[in-house]
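Student: Each residue of the sequence shown is one higher than the last, beginning at 17 in my numbering.
Even for Gly, the Cβ is constructed at its ideal location relative to N, Cα and C.
Everything numeric in this text was worked out from a predicted model, so none of it was measured.
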Amino acid sequence: MAGDVGLQGGDSSQVGGNINLSAGAGAVEGGSLVFFGGSSSGNGIAGNVNVTAGDNENNMGGSVRISGGTSNFGVGGDVMLMTGSSGTGTSGSLYLASEVSNTSGSLYLSS
Numbered sequence: 017m018a019g020d021v022g023l024q025g026g027d028s029s030q031v032g033g034n035i036n037l038s039a040g041a042g043a044v045e046g047g048s049l050v051f052f053g054g055s056s057s058g059n060g061i062a063g064n065v066n067v068t069a070g071d072n073e074n075n076m077g078g079s080v081r082i083s084g085g086t087s088n089f090g091v092g093g094d095v096m097l098m099t100g101s102s103g104t105g106t107s108g109s110l111y112l113a114s115e116v117s118n119t120s121g122s123l124y125l126s127s
């Protein structure tokens with residue numbers, strides 16, 4: 017197994033530290049922020065990319081927000097959710113769900 021790299025904000029009895037990752041701004045084109053799970057060869061299993069908000073025991077868990085970029089005069093950025101393709105097999109499935117709970121949350125789609 018190759019070595020791991022970890023990033024962690026500082027712990028606190030009040031407010032924990034943040035981790036901010038930002039791509040650079042550019043006059044012609046801004047930089048991109050890209051996350052990749054590791055590839056695997058042969059019959060192995062490729063790595064995952066997980067984005068999970070924080071848990072809370074008594075109040076409210078954190079939210080995960082994915083937003084396209086804003087444009088003042090042009091077209092705002094898209095948000096694309098796509099499954100993986102397969103050359104000869106079956107592409108991946110796309111799941112949108114509210115987790116099971118005492119009272120499940122809602123699922124909203126709007127334009």
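I'd like the list of long-range same chain contacts for Glu115, defined as Cβ closer than 8 Å, with 5 residues on each side in sequence excluded.
Tutor: Around Glu115: Gly121.
Student: Is any non-hydrogen atom of the ligand NAD found closer than 7 Å to the C-beta of Gly70, if you look at the structure I gave you?
Tutor: With respect to the ligand NAD, the structure offers nothing, as it holds no ligand at all.
Student: Closer than 8 Å by C-beta to Ser126: which residues in its own chain qualify, once you throw out the five before and the five after it? Chain order, please.
Tutor: Excluding positions up to five away in sequence, the list is empty.
Student: Note down the Cα distance separating Met76 from Asn34, rounded to an integer number of angstroms.
Tutor: Computed Cα separation, rounded: 18 Å.
Student: If you draw a straight line from the C-alpha of Asp27 to the C-alpha of Thr68, how long is it?
Tutor: For Asp27 and Thr68, the distance between alpha carbons rounds to 18 Å.
Student: Compute the Euclidean distance between the alpha carbons of Leu49 and Met98, then round it to the nearest angstrom.
Tutor: Distance between the alpha carbons of Leu49 and Met98 is about 17 Å.
Student: Rounded to a whole number of angstroms, what is the C-alpha to C-alpha distance between Gly60 and Phe89?
Tutor: C-alpha separation (whole angstroms): 47 Å.
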